[in-house]
Each structure stands twice: as structure tokens, then as C-alpha cells.
Amino acid sequence: MTRSYQLLHALYFNYILTTWVLSLDASCIMQLVIKARDLNEVIEVFIIFATALAVLAKFLTIKMKNHLYRQWCEIIESSTFRPNNEREIQLFQQSERLARLVRNAYCVLSFIALNMLMFIVDDRGLPLSVYSPFDMNRKWGYLSTYGYQYITASICCYLNIAFDSLSASFLIHLKGQMDILCDRLKNFGKYSKCSDAHKITEELKNCIKYYEEILKVAHLIEDLISLPISIQIVCSVLVLVANFFGMAFLAEPGDYAYFFKVLIYQLCMLSQIYILCYFPNEVTDRSQTISRSLYSAKWFAWSQMNRKLTLLMMDRFDVPIRFKSINPTYSFNLAAFTSVFTTNRQQNNII
């Protein structure tokens, strides 16, 4: 990468950060201060503000940990993670198809939520309740504010799609690599044509090295997603609670369009949390089956040394892979999503 390219990249990053991302956060804060006595206005501003904070966390994480993304690409492109036979190629392709399916589905839902958010507006004629220095009674002031809001909302949407789908793809790929490892262990000797004890020992050692590389990738992914996803879950919970609170006051027939818009936005937020909790849970569940896959091999016909090595490997595989949040006692899994959903349902019942 040339020096001029690095400079242009830095200028582009600072332009997006200051002109669109930070300015949206500042506009939300100013609107909260100005409308502090209007509860409905505070709720509408808070929904946008929490989303903008999560986007800011993701944007800064991508910049500060850009070297880790490059490191991940270098590790994945190594020969260690390449499939060795027809069956492993099929497993690898399955993970690729799933990653594309999740990306496309999440992208469609996000675009629907974005367009409903921007084109279904209230009496003010503006989609977002944020501070604007322009006079809304003038055409140029209204168009300038609307254009600014549309661009900032679009940037937030695109960044969410990019980060969330990329994080999900990392986890899907990691789970696919564990599927390949389990297939190798379960069908030990079938594909590699092992015959003597020495070759079996070499194959077992290769599987150990493969597992260590998988652990290295898992720790790298945890470093990339731990902070931004933790902030995203907290902000999503606050947005969902605020949305439920705002929906409780909708009573007039003219509010039905706004209700449907908020409902789609709620579904988008829930799908966002679900994706970020489901695939770490899938990785954890799959890691717990690796030792059973090794046990399914025909190890009873091996030499005593290889059986001891197999026992040590099974003992090592018994430790599941978990992705922890910024709180080490809290992991990303379906139990976390269930607790989020239960919390929002309880808040809705109270309202």
C-alpha cells in the first residue's frame, strides 16, 4: 500500500467520521437538551441516538483493529484451512452459501427498514427527530435537512450491514472449519489412507495443529467483535424498550403507518441481535462435539501410544469455544438473546 493511498484512506475515514457519524451524534445530543421536557420527543431522539452510538463503536473498531482483519485474511488463506477431499469441499461450500444467505436476508430487511424510516414521516415532514440549524419553513432548509438525514441514516444502515454480516461470516466460516475437523476425526483413516502407527500419529498431530489454528482464529474473532457487539446489544435493548414505550401511546388511526414503520424497525433490531448471538452459539455447540467425533473413530485398533494421544486430545477438546463480551462472565449465545427478548417483553407488559 503506497503512502498516497494511505493518506487518501485516512482523509476519507475522517471525512465520514466527522461529517456524518459524529455530526449525527452531536445533533441527537443537542435535540435531547432542547426537547428535554417533551417525553415523546426524547423517546424519538433516543432511538436514533442509541443506534448512532452503536454505529460509532463499530466504525471506530474497524479503523483501530484494521490490522487484525488483515491478519485474519492471512491466516484463513493459509494451506491449513484448505479442504483436502470432496467431502470437505462440500462442507466448505455449505458455509459459504450460508454466509451469503445471511448477508442477503439481513441486507433486504435493513433496506426495507431504512426506506420505511425515511419515507413514512409525521406532520413535521422529517424522518428523524434530530437538531437542525436550518429554517424548516423554507424549501432549501427542509431539503438540506432531509438530504442530510437520508445520507446519515443510509451510512448507518450500510455500516451495520457490513459489520454484522462480516462478523456473522467470520463465525460461519469458523463453524465450517470445525465441521471439517469433526469430519476428519470421525472418518479417521478413510480419506488419509493411514495404515501404520507412525502415519496415524502424524495425522493426529496434524489434527492437533489444525485445532490450535482454529483456536487462534476464534480468539482473533473475539477480539474483533467483543466490544462493538457488546455496545450494540446494550443500545439495541435501549432502542427496543424506547420503541415499545412509544408504541404504547399510539391510538389514532393516522398512527397506523408509524406503528408499522416502528414494527419493521423492531424486527430489524431483533434480527440484528439474533444474528450476533446465534452464530457464536453455533460455534460453541459445534466445539462441544469435537471430542465425540474423535471417539467415533476406530481408535481401539491403534497402538497404545496413539490411544494415549487420543485420550489427551479428547480431554483438550472438552473445553468449548466461547465468545465473551466486555464482561468476561457474559458470553454471546442464544441465552443472551433470550434474556434480551424477555427483558423487552417484561418492559412492554409494564408499559
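Under the working numbering, the sequence shown is numbered contiguously, ending at residue 352.
Just so it is clear, CB atoms sit at the ideal spot from N, CA and C, and this is done for glycine as well.
Practice item. Just confirm the distance between the C-beta atoms of residue 46 and residue 29, as a whole number of angstroms; I'd bet it's less than 8 angstroms. Key: 6 angstroms
Review point. What is the rounded straight-line gap between the Cα of residue 275 and the Cα of residue 198?
Key: 46 angstroms
Review point. Which class does residue 326 belong to by DSSP, given the choice of helix, strand or coil?
Key: coil
Check your understanding: Can you list, in chain order, the stretches of the alpha helix (DSSP H) that have 4 or more residues and sit fully within the region 62 to 136?
Key -> 67 to 77 and 87 to 120
Practice item. Output the distance between the C-alpha atoms of residue 153 and residue 89, rounded to the nearest integer angstrom. Key: Whole-angstrom Cα-Cα distance: 43 angstroms.
Point to revise | Inter-residue Cα distance where the pair is residue 177 and residue 293 | key: 17 angstroms
Review point. Counting contacts by CB-CB distance shorter than 9 angstroms, is residue 15 in contact with chain C?
Key: Reference to chain C is not applicable here, since this structure consists of a single protein chain.
Check your understanding: Do the region 91 to 105 and the region 51 to 65 touch if we need at least three Cβ pairs shorter than 8 angstroms?
Key -> Touching, no.
Practice item. Check the C-beta distance from residue 111 over to residue 32 and give it rounded, since I have them as a contact under 8 angstroms. Key: Not confirmed; about 24 angstroms, so no contact.
Check your understanding: If you draw a straight line from the C-alpha of residue 171 to the C-alpha of residue 142, how long is it?
Key -> Cα to Cα, the separation comes out at about 43 angstroms.
Exercise for review: Leaving out five residues on either side along the sequence, give the residues of the same chain with a beta carbon under 8 angstroms from the beta carbon of residue 184.
Suggested key: 88, 89, 92 and 294
Exercise for review: Assign residue 306 to buried or exposed, taking buried as 16 or more other Cβ atoms, counted over all protein chains shown, within 10 Å of its Cβ.
Suggested key: exposed
Point to revise | Bridge partners - residue 332, DSSP secondary structure assignment | key: Bridge partners of residue 332: 325.
Check your understanding: My guess is that residue 51 and residue 341 are in contact by the Cβ rule of under 8 angstroms, so how many angstroms apart are they, rounded?
Key -> Contact flag wrong, Cβ pair sits at about 14 angstroms.
Review point. Measuring CA to CA, which of 304, 74, 138 and 121 is closest to residue 218?
Key: 74
Exercise for review: Could you name the residues of the same chain whose beta carbon sits closer than 7 angstroms to that of residue 14, not counting the 5 residues immediately before and after it, in chain order?
Suggested key: Excluding positions up to five away in sequence, the list reads 64.
Check your understanding: Since residue 117 contacts residue 262 with CB under 8 angstroms, what's their CB separation in whole angstroms?
Key -> 5 angstroms
Practice item. Locate the alpha helix (DSSP H) running through residue 353, then write down its first and last residues. Key: As shown, the chain starts at 2 and ends at 352. That puts residue 353 outside it, with no answer to give.
**Study point:** Burial state of residue 204 (16 or more Cβ within 10 Å)
**Key:** buried
Review point. In terms of residue numbering, what span does the alpha helix (DSSP H) encompassing residue 18 cover?
Key: No alpha helix (DSSP H) holds residue 18; DSSP gives it neither H nor E.
Review point. In whole angstroms, what separates the C-alpha of residue 128 from that of residue 156?
Key: Between the alpha carbons of residue 128 and residue 156 lies a gap of roughly 15 angstroms.
Review point. Can you tell me where the alpha helix (DSSP H) with residue 302 in it begins and where it stops?
Key: Looking at the DSSP string, residue 302 is not in any alpha helix (DSSP H), and its letter there is neither H nor E.
Point to revise | Under 9 angstroms between C-beta atoms of residue 107 and residue 273 | key: Yes, these two residues count as a Cβ contact at 9 angstroms.
Point to revise | residue 320 in three-state terms, based on DSSP | key: coil
Check your understanding: Cα-Cα, which of 4, 25 and 322 is closest to residue 56?
Key -> 25
Check your understanding: Cβ atoms of residue 268 and residue 248: under 9 angstroms apart, would you say?
Key -> no
**Study point:** Residues near residue 358 by beta carbon distance below 6 angstroms, same chain, minus five either side
**Key:** It is not possible to answer for residue 358, since the shown part of the chain is limited to 2 through 352.
Review point. So what does DSSP say about residue 37, is it helix, strand or coil?
Key: coil
Review point. Just checking my contact of residue 288 with residue 187 at CB under 8 angstroms: how many whole Å lie between their CB atoms?
Key: Contact flag wrong, Cβ pair sits at about 15 angstroms.
Point to revise | Start and end residues, alpha helix (DSSP H) containing residue 197 | key: Premise fails: residue 197 is in no alpha helix (DSSP H) and is neither H nor E.
Check your understanding: In chain order, what residues of the same chain lie with their CB nearer than 7 angstroms to the CB of residue 270, ignoring the 5 residues before and after it?
Key -> 237, 240 and 241
**Study point:** Where the alpha helix (DSSP H) containing residue 3 begins and where it ends
**Key:** Residue 3 -> no alpha helix (DSSP H), and no H or E assigned at all.
Check your understanding: Can you tell which of 159, 72, 84 and 77 has the C-alpha that lies nearest to the C-alpha of residue 115?
Key -> 159
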